[in-house]
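Q:
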Amino acid sequence: MTIPSKYIEYEEKMIKKHQNSVNNFKLICNDNSALKSLKFLNNFNLKELVISNCINIVIDLENDTITKLNIESSQLNSVKGIQNIKSIETLNLTRNMIEDISSLKNMCLLQNLILKNNQISDISVLKTLKQLQTLDLTGNQDIHIALLQDMTQLLSLNLSNLKITNITVIKSLVNLVDLNISYNPGIDISPVEELTNLKILTAKQNGLKEVKVLTKLKLVELTLFQNEKLDISSCHLQKSLNKLDLINCGLKDISKLQNLQNLQELRISMNQLDNILLLQKMINMTSLEMSSCQIKDISVLKYLKQLQYLDLCSNEITDISPLQYSQMLSELDISENNIRSIYILKKLFNLKVINISDNDITNIQALQHMTQLTELIASGNYILDISCIECHKYFTEYMIFDQKTSPTADQIQFSNIIDKIYCVNEQHKLFNKKKSEFITMQQLKNIITTQLVLQNTNHVQFMFRINCLFDKLNANNCPEYQ
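Residue numbers 1 to 482, in full-length UniProt numbering, belong to the letters of the sequence shown in order.
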């Protein structure tokens, strides 16, 4: 349930009517001054309460049923009042202006505490919370993490973006299973070696050059995203690893990964890879991201028959025939390559999402019998005839076609789902068959937004995609879209 604050007083009768049947309540305020009190919720049998953008809200709620409380982006500078909700087990106070958290000292049931992006420095009160298992301190850059030393019961800890380099304190946190130390340039990760129970480690953009200290850890998930000068030659990761992220790590040789035969998810995009033959042994792989890696030959992928998600965007691929063996693929991105034919895709009946944009494709006949398709992006090709997908009555997302040629209206053959298809021709005009006219980008946005709002459909993802498409047109100095 979402009730804008300006309607609260008018809807009070309705709220009371349902107070015994509502368990989860979401309050999103659009009027910063309308809502000041939460007392109207006192008699609700709530389990979860989410409050967002309620500026100047007073936490005057007295309730012994709420176990999850989320107050985000509300400019709170104090947690005063929250201690009266003694049943809380999960508390999320992301993006506020909190400096003092001392009022939390008697919240003995608290298990999960998220304090992201506040202004907290003193966390000494946390040592009194003996049930606390999950703690997120992201973005509190004046914090003194030495005070964590006695919190040995912690299972999950997030120390992202704290401007810290010394994390010796974590040596005492022997029960940690999940640790995030991202966005701390120059950090010394050697203390991590002592965490023998650690299963998940996230270390994004830390400027790491080597990770030899991880050799003995039986990690299940490892994220080293954007450590741009990383050398993995001296690190022998354990076979227990299930998910690995090495995006933009300056890698050329990934042969040291060859023993990771249990990997299910691998992200190695934005690396200049010399050889990917080692992938043939990773037969359990279900998700592979390998965009912008200067890859030409993907023949090794014929061994990865369990793949469900594959991203090969921005490479130098011409032949995609090895993909015919990946019968379980449901999402495929082969955009920005040198592909002329997608004929082989006709064998992949489980595909739901395909991006074939910015290739040299002229024929999409292979898609004719893919009745599970929900999203198709085919901009930047030479496709004139899309009549072959008339049978697709199951599209839930929009399809975008960017015509590189200049077809006239009668040359463009549209399917029966014309309400979900628009074309962009060389003159940067959009043709809408339904009205037999060309329209501007803004008109298209208005039409689609109106339709989706009326249908109660989430259109954010699509609008982002179409904005990207027209940003490209803008970049080419097309006055109509300036």
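Just so it is clear, CB atoms sit at the ideal spot from N, CA and C, and this is done for glycine as well.
Here the structure is a predicted model, which means the values were calculated and not measured.
1) Quick check: what's the CA-CA separation for D402 versus D385?
2) Which residue spans inside the segment 131 to 217 form an unbroken beta strand (DSSP E) run of at least 3?
3) In angstroms with no decimal places, state the Cα-to-Cα distance between N248 and F225.
4) Would you decide whether K296 is buried or exposed? Buried here means 16 or more other CB atoms lie within 10 Å of its CB.
5) The beta strand (DSSP E) spanning I377 covers which residue range?
6) Over the uninterrupted beta strand (DSSP E) stretch that includes N70, give me the two end residues.
7) Going by C-alpha to C-alpha distance, which of C108, S74, S299 sits closest to S326?
8) Below 8 Å between beta carbons: does that hold for L263 and L278?
9) Tell me whether the beta-carbon of N112 lies closer than 8 Å to the beta-carbon of T94.
10) Would you list the residues sitting across from V58 in a DSSP beta bridge?
11) Which first and last residues belong to the beta strand (DSSP E) in which Y309 is found?
12) In terms of alpha-carbon separation, which member of V125, I181, Q365, V79 lies closest to K163?
13) 8 Å is my cut-off, CB to CB: does S102 come that close to chain E?
14) Do N84 and E48 come within 8 Å of each other at the CB atom, strictly closer than that value?
15) Measuring only the C-alpha atoms, how far is L307 from L348?
16) Per DSSP, which one or two residues make a beta bridge with R340?
17) Is G380 buried or exposed, if buried means 16 or more other CB atoms sit within 10 Å of its CB?
18) Quick one: what does DSSP say T90 is sitting in, helix, strand or coil?
19) Answer with buried or exposed for G139, where buried requires no fewer than 16 other C-beta atoms within 10 angstroms of its C-beta.
20) For Y343, which residues in the same chain have their Cβ closer than 6 Å to its Cβ, ignoring the five residues on either side in sequence?
21) Do L304 and residue 486 have their beta-carbon atoms positioned less than 8 Å apart in this structure?
22) According to DSSP, is N106 helix, strand or coil?
23) Does the beta-carbon of S234 have 16 or more other beta-carbons within 10 angstroms, so that it is buried, or is it exposed?
24) Are the CB atoms of L76 and M97 within a distance shorter than 8 Å?
25) Tell me the DSSP secondary structure of V220 in three-state form.
A: Quick answer:
1) Only weak support exists for where D402 lies, its pLDDT of 47 falling under 50; the coordinates are left without a value.
2) Complete beta strand (DSSP E) runs here, min 3: 134 to 136, 156 to 158, 178 to 180, 200 to 202.
3) N248 and F225 have their C-alpha atoms spaced approximately 6 Å apart.
4) By the neighbour-count criterion, in which a residue is buried when 16 or more other Cβ atoms sit within 10 angstroms of its Cβ, K296 is exposed.
5) Start and end: 375 to 377.
6) Unbroken beta strand (DSSP E) run through N70: 68 to 72.
7) Of the candidates C108, S74, S299, the one whose C-alpha sits nearest the C-alpha of S326 is S299.
8) It is not a contact, given that the beta carbons lie outside the stated cut-off.
9) With contacts defined as CB atoms closer than 8 Å, N112 and T94 fail to qualify as a contacting pair.
10) For V58, which the question treats as bridged, DSSP gives no partner whatsoever.
11) For Y309, the enclosing beta strand (DSSP E) covers residues 309 to 311.
12) Ranking the options by Cα distance to K163, first place goes to I181.
13) Although the question refers to chain E, the structure presented lacks it and comprises just one protein chain.
14) No, Cβ-Cβ distance for E48 and N84 is not below 8 Å.
15) Cα to Cα, the separation comes out at about 11 Å.
16) R340 is not bridged to any residue.
17) That one is buried.
18) T90 falls in the strand class under three-state DSSP.
19) Buried.
20) Cβ neighbours of Y343 within its own chain (closer than 6 Å, five residues either side excluded): A366.
21) Since the displayed the chain opens at 1 and closes at 482, residue 486 lies outside it and no answer follows.
22) In the displayed model, N106 falls within a helix according to three-state DSSP.
23) With a threshold of 16 other beta carbon atoms within 10 Å, S234 falls short and is exposed.
24) The answer is yes: Cβ separation under 8 Å.
25) Per DSSP, reduced to three states, the secondary structure at V220 is coil, with no helix or strand assignment.
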